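Scroll down for the structure; my scribbles are underneath it.
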Amino acid sequence: HDCIYDVSVRAVATQSVVLVSFQDITHLEKAGQMRRDFVANVSHELRTPLTALMGFIETLRGPAKNDSAARDRFLDIMQGEAGRMNRLVGDLLSLSRVESDGRVRPRDTVNLTDILNSVLRTLKPLATDAGVTLEVDFEQTPVEVTGDADQLMQVFTNLIENAVKYGASGKRVTLRIERVARDAALRSPGVVIHVVDYGPGIDAVHIPRLTERFYRADNHRSRALGGTGLGLAIVKHIINRHRGRLRVHSTLGQGAQFSVALPSDTDASASETPSEA
Ligand code: ADP
Numbered sequence: 079h080d081c082i083y084d085v086s087v088r089a090v091a092t093q094s095v096v097l098v099s100f101q102d103i104t105h106l107e108k109a110g111q112m113r114r115d116f117v118a119n120v121s122h123e124l125r126t127p128l129t130a131l132m133g134f135i136e137t138l139r140g141p142a143k144n145d146s147a148a149r150d151r152f153l154d155i156m157q158g159e160a161g162r163m164n165r166l167v168g169d170l171l172s173l174s175r176v177e178s179d180g181r182v183r184p185r186d187t188v189n190l191t192d193i194l195n196s197v198l199r200t201l202k203p204l205a206t207d208a209g210v211t212l213e214v215d216f217e218q219t220p221v222e223v224t225g226d227a228d229q230l231m232q233v234f235t236n237l238i239e240n241a242v243k244y245g246a247s248g249k250r251v252t253l254r255i256e257r258v259a260r261d262a263a264l265r266s267p268g269v270v271i272h273v274v275d276y277g278p279g280i281d282a283v284h285i286p287r288l289t290e291r292f293y294r295a296d297n298h299r300s301r302a303l304g305g306t307g308l309g310l311a312i313v314k315h316i317i318n319r320h321r322g323r324l325r326v327h328s329t330l331g332q333g334a335q336f337s338v339a340l341p342s343d344t345d346a347s348a349s350e351t352p353s354e355a
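Per the UniProt record's numbering, the sequence shown runs over residues 79 to 355.
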């Protein structure tokens, strides 16, 4: 019932037969629908701050023209809205970049300890502002995988930023590195990086959809915190490019754990290809 067919009918006069062919075009239709949904979502996400900006410009030209207190307040709001558009465009560019080089395997040897330390340094001010302690639960010894350092930095930046933003009520975010002799999903030896928060957690119904573009478990909270809804979609694409897996565990009221499993053998092409995350 869920399939879409392209049906064509052809008469073969010399043999008095009629050929009817059915071509399954379900995947093409679905891809087309996803593209249309994506464009509609992007337009909506851009139009919201744009409409606010236009409204404030009009107010500043008219009723608030000579009200300096109102002008300062409106300019602050306008700066926030422009920032939202800027983040959205930045995330859209990242997404399109990671999608377009998704088929090219990363080849560099990268040290995950260095990457995590660097992300932690960058996010320290954000955590301090949110009153969250970033807890490091790993040795300062090199942990090497084959990967793309910039993209892996982006993965852990997005995950740790989310843990700080959404888990702030737990006041602590823990980072752990685990080496596994054989990861069942990767079918190879692996390294698993866990980002754990002790915040409100995520309802199980949302978990399978978190990596969809623009999917938000809590729309209001995400927007209030400046989220674009694209962070985990970017994370998923980068992890797929690394032949890794993203796993999410959460119990409502007890926090969330995002785990990234990466193959640790240096020749990534030697491992079997895991199915889509
Ligand atoms: P956003 O820009 O909205 O943060 P993401 O793609 O990064 O977008 O995350 C998608 C949604 O997943 C968020 O809107 C939020 O509802 C939920 N989420 C992500 N990380 C956490 C977390 N650590 N705790 C609770 N909810 C989370």
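Note that CB positions come from ideal geometry on N, CA and C, so glycine has one too. A quick note: this is a predicted structure, and the numbers were derived from the prediction, not measured.
Quick one: using the 10 Å Cβ neighbour count with 16 as the cut-off for buried, is residue i buried or exposed?
i, result
"Ser146", "exposed"
"Pro341", "buried"
"Glu350", "Caution is warranted here: a pLDDT of 47 is assigned to Glu350, below 50, making its placement in the model unreliable, and no coordinate value can be reported."
"residue 71", "This structure does not reach residue 71, given that the chain is present from 79 up to 355, and the question cannot be answered."
"Thr224", "buried"
"Asp228", "exposed"
"Ser86", "exposed"
"Leu310", "buried"
"Val176", "buried"
"Ala346", "Any reading at Ala346 must be qualified, since the residue scores a pLDDT of 44, below 50, and its modelled position is unreliable; no value is offered."
"Ser172", "buried"
"Pro141", "exposed"
For the alpha helix (DSSP H) that residue i lies in, which residues bound it at each end?
i, result
"Gln229", "227-245"
"Ser342", "Where Ser342 is concerned, there is no enclosing alpha helix (DSSP H), given that its DSSP letter is neither H nor E."
"Asp192", "190-208"
"Glu317", "First, the residue type needs correcting, since residue 317 is Ile and not Glu in the sequence shown. Taken as a continuous stretch (DSSP letters only), the alpha helix (DSSP H) holding Ile317 covers 309-319."
"Arg299", "297-302"
Determine the extent of the beta strand (DSSP E) in which residue i is found, giving its start and end residues.
i, result
"Ile155", "No beta strand (DSSP E) holds Ile155; the alpha helix (DSSP H) holding it covers 146-178."
"Gln101", "95-102"
"Glu256", "250-261"
"Ala89", "83-90"
"Ala323", "Note that residue 323 corresponds to Arg in the displayed sequence, not to Ala. Here the beta strand (DSSP E) through Arg323 covers 323-329."
"Gly268", "266-275"
Under the assumption that residue i contacts residue j (Cβ atoms under 8 angstroms), give the Cβ distance between them as a whole number of angstroms.
i, j, result
"Asn236", "Ile312", "6 angstroms"
"Asp103", "Ile135", "A quick correction: the sequence has Ile, not Asp, at residue 103. That belief does not hold up - the Cβ atoms of Ile103 and Ile135 are roughly 46 angstroms apart, past 8 angstroms."
Using beta carbons (cut-off 8 angstroms, strictly below), is residue i in contact with chain C?
i, result
"Ala339", "This model lacks chain C altogether; it includes just one protein chain."
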